Every structure is written in structure tokens, then in C-alpha cells.
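Residue numbers (my numbering): 702 to 1107. Using N, Cα and C, we set each Cβ at its ideal position, and we do this for glycine too. This one's a predicted model, so the numbers in the text were calculated from it and none came from an experiment.
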């Protein structure tokens, strides 16, 4: 009898152990993270940390370290934006400032993006909480790698720029006209400031775009999963309860999309404007001065800023443009399945649901209701950018060329 009791205790403890080991596996798809005792968010860890330190996510547990990190970033952000204006005007003068004005506008818009993003950081946090119900996005490693790449590139690029600089006697603008002392001090000041410039722009705007694209991709993946579920469901099993269940889950995802539109409409629109301005500035420069006549530093920065700005705008249009495609695919699958039920089972009582789905207007993310984020806008963006830049620079090429030669 005692042996039987011991066996039952062991077996019950084993069952408890196995059940405790199996429970987390049912929630693996959420992949929630718990940082500094805060609420969990279904976003990649590195992306969440950067958002948290830059003030894009409101914290429920405001420790001294958290407030200090946010204060340091705020100071560095404003310092970099004001310092780049001073250095550019001091080094290049008012004549060349006409060409680099777009470059400075991009840095100024970063502050506006930060203020508009932090103003709605509570909405961002609620958005991340509500999106936990959606199946987790499978590109976690890719997003973490992109975050690492965004943080490493400015530091690496600053080293390339420092190594390409030959004349260190004209770098007094970086020390505000004071004598920086020896050669090593000049290098350190130049490297630190250049790294800070690159970290503010385009790294910060890239992080905001990465968060926006991540949220859009998660919603798009959920629509695709619902479409697959409809496609795999037999017509006889796709009854009214099943249709209502799928439409309820679809409605939750659409509410999340409305929140994304309300939260990121203005910041993403400003990021697109600053990137378009940067692309126009770079193209305009090389229409005036050839690639061979430009310095190595300007070639490096032009390639970095230009490629980044173009890819940032294209990624917004491409990723946000997948949502209308996924939602239209859902409508097609829902229509084909309900149509099959109507032909074989004569289910006329389900026609009102079919009409609600098919007659619903397409949901498209926009930038302040000005620009619609669709994939077919990419070619229009590229063509418009190139055309208007050529027209503008042809009109002012004589004036700018004379100013450069003076």
C-alpha cells in the first residue's frame, strides 16, 4: 500500500512537471518580453529597447535610469540638430548653403518627428498591448539584425569619413572656433560629432519606420492566415458560426490598423518628406558637380544618405501596400467559399454577411490623408523625384555653378 502511494505521488509530481514544461509551449508564438519589470510587448527585444530609450514607448515603471536615458537622448537630439546647422554654415558659407539647405531641413524635421512620436507614445504602448492577440511575426531575427545594422553603420561610417579627411586645419567649426589642441583631440571631436549626426539621422527615422513596417507586416500576416483558414475549410464546414468567428478576428485586426493609422500617420509622413528632400538634394548636387569633382567624404555621405532615403520611402510604400493586397485576397477567398455554399447548399440566409464583406471599402494606410501607401506609388515617386529635380536644377544650374566657382 505504501509503495502504491509513493508511486502515485511520483506520478502526480511527474505529471505536474510535464504540465509545467508544456504550458510555455502553448504561448511560444506570442514571444513576449519582460524588461525591467514592465509589461510585456510582442516586439523583438532590441527594437523594444531602442524605442524605450528614445521615448517612443511610455514606461509604466519610470526609474532613475530610464529617465536619465531619455533625458540624455533628448539633449543629444537637440544638440545634434542645432550643431549641424552651425557647422554647415561655418564650413561652407552662405553660397554653398543653398545646395545643402535640404540636407539641413532633414535634420530639422527629425525633431518634429520625435515630438509627434513622443506625444502619442501612450497610444503606441496601447497599440503594442492590443497587437499581442495577433500571431507573432516570424521575422524577429531579421528585425533584430536591422536594429544592429542601423546602430553599427553610423559608427563605422564616421570612421571612414575621418580616415578620408586630409586637411585638419579647417576643422575649427567643430570646436566652435576654438583651438582644439593636438591632432588626436581634433580627430576625437570630429569622430564623435560625425557619429552623433549619423545616429540622429537617418538612424532614428529608420527605427520609427522599422516599427511601423513591423506592425503592418504582423497585421498583413494575420490577414493571410485568415485567408488560408478559409481556403482550407470545406464548404460544408464553413457555416454561419465559422464565418462569424473569422469576421470577428478580422474586425479586431482592422481596429489595430485604424490605431496604427492614427498613431503613425504624421510621423511617417514627415519621415517620407525628409527622405524625399534628401534624395532631391543629393541628385541636385550631382547634376551640378560631377562625381569625380566631389570629395571622398561627400561621396561617402551622398551614397549613405541617398540609398537610405530611397530605401526608406520604398519600404514604407511596399510594406504598407501589402495590406490592401492581403485584404482583397481575404475578400476573394471569402466570396469563393460562400459562393460554393450557395451553389451546393442554397444558403441564402448567409448572403447578408457576404454582402457586408464584399461591399466594404478598401482600407489603405495614408500619410495625413495626403499620400496613399500603395505599391504602385513607388514608380510614381521615383519618376516624380527625378523629373522635378532635373527641372529645378536646369533652371538654377547657372546661378549655382557661378556660386561654386567664386
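Would you report the Cα separation of residue i and residue j, rounded to the nearest angstrom?
| i | j | result |
| --- | --- | --- |
| residue 917 | residue 1021 | 6 Å |
| residue 988 | residue 1080 | 21 Å |
| residue 958 | residue 915 | 12 Å |
| residue 974 | residue 1051 | 46 Å |
| residue 994 | residue 980 | 19 Å |
| residue 1065 | residue 791 | 45 Å |
| residue 1061 | residue 1074 | 19 Å |
| residue 777 | residue 971 | 20 Å |
| residue 757 | residue 816 | 9 Å |
| residue 906 | residue 1048 | 51 Å |
| residue 939 | residue 1042 | 8 Å |
| residue 969 | residue 909 | 8 Å |
| residue 1027 | residue 931 | 13 Å |
| residue 1009 | residue 997 | 18 Å |
| residue 890 | residue 956 | 49 Å |
| residue 1003 | residue 813 | 23 Å |
| residue 895 | residue 802 | 18 Å |
| residue 1030 | residue 1038 | 12 Å |
| residue 928 | residue 744 | 24 Å |
| residue 788 | residue 876 | 9 Å |
| residue 1088 | residue 1024 | 29 Å |
| residue 810 | residue 937 | 56 Å |
Taking the alpha carbon of residue i as the reference point, which residue from the options has its own alpha carbon closest?
| i | options | result |
| --- | --- | --- |
| residue 963 | 821, 751, 816 | 821 |
| residue 748 | 849, 983, 1027 | 849 |
| residue 898 | 940, 855, 925, 1068 | 855 |
| residue 807 | 783, 997, 1038 | 783 |
| residue 966 | 1072, 770, 780 | 1072 |
| residue 954 | 1087, 830, 765, 810 | 830 |
| residue 805 | 866, 826, 902 | 902 |
| residue 1054 | 1046, 1040, 1069, 1063 | 1040 |
| residue 842 | 751, 824, 746 | 746 |
| residue 1034 | 935, 773, 879 | 935 |
| residue 926 | 885, 937, 950, 941 | 950 |
| residue 774 | 832, 900, 846, 809 | 900 |
Does DSSP put residue i in a helix, a strand or coil?
| i | result |
| --- | --- |
| residue 668 | For residue 668 there is no data in the structure shown, the boundaries of the chain being 702 and 1107. |
| residue 992 | coil |
| residue 942 | helix |
| residue 877 | coil |
| residue 1029 | helix |
| residue 934 | coil |
| residue 806 | helix |
| residue 1060 | coil |
| residue 764 | coil |
| residue 1087 | helix |
| residue 757 | coil |
| residue 1048 | coil |
| residue 835 | coil |
Count the other C-beta atoms from every protein chain shown that fall within 10 angstroms of the C-beta of residue i, then say buried if there are 16 or more, exposed otherwise.
| i | result |
| --- | --- |
| residue 912 | buried |
| residue 1018 | buried |
| residue 690 | Any property of residue 690 remains undetermined from this structure, which presents the chain solely from 702 to 1107. |
| residue 864 | exposed |
| residue 768 | exposed |
| residue 945 | exposed |
| residue 923 | buried |
| residue 851 | buried |
Using the DSSP secondary-structure output, state which residues sit across from residue i in a beta bridge.
| i | result |
| --- | --- |
| residue 1073 | 1067 |
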